[in-house]
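One structure is given here, and the rest of the page talks about it.
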Amino acid sequence: FFSSFVTMYGGQDAPFGGEFAGGEFVTETRTGYMEKMGNACCGVITGLTLFFVSFVILWWNEGRTLYTQRALDEGMQKVVDVPCKPVKKEDNDRLVHISCALQHLQTFHEDHL
6 FFSSFVTMYG GQDAPFGGEF AGGEFVTETR TGYMEKMGNA CCGVITGLTL
56 FFVSFVILWW NEGRTLYTQR ALDEGMQKVV DVPCKPVKKE DNDRLVHISC
106 ALQHLQTFHE DHL
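Its first residue numbered 6, the sequence shown is counted upward by one per residue in this note's numbering.
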């Protein structure tokens with residue numbers, strides 16, 4: 006059903022409006038109607054598949070966005086403002102917010118590192 010034929014010739018005028026290639030073989034390929042329809046159907050199926058896959062990817066991405074937003078909201082509820090000095094032991098393992106001049110940053114370090 007998928008018909009395409011190839012005409013090869015050499016040393017004479019080419020049929021179907023082809024060009025003579027100086028003694029070399031010139032190949033002309035014609036695509037049949039059913040092959041054209043098959044190629045078109047493959048393109049349509051590929052396009053529809055990509056269309057529906059895009060919804061799955063969009064759903065997955067939106068789910069990740071909601072997870073990230075919930076984590077940020079939880080962090081905003083649990084954050085504690087602390088002064089730069091003194092560093093208190095009770096602030097260990099807590100989410101803290103510190104705002105101070107850069108010259109005081111050398112006091113923030115881990116002893117065991």
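In this text, a Cβ means the ideal position worked out from N, Cα and C, and glycines have one as well.
In chain order, HIS102 place their CB closer than 6 Å to the CB of ASP86, counting only its own chain and leaving out the 5 sequence neighbours on each side.
Taking the C-beta atoms as reference points, GLY80 is found nearer than 8 Å to LEU100. When beta bridges are read from the DSSP output, ILE62 appears opposite no residue. Residue pairing of VAL87 in beta bridges, as defined by DSSP: ILE103.
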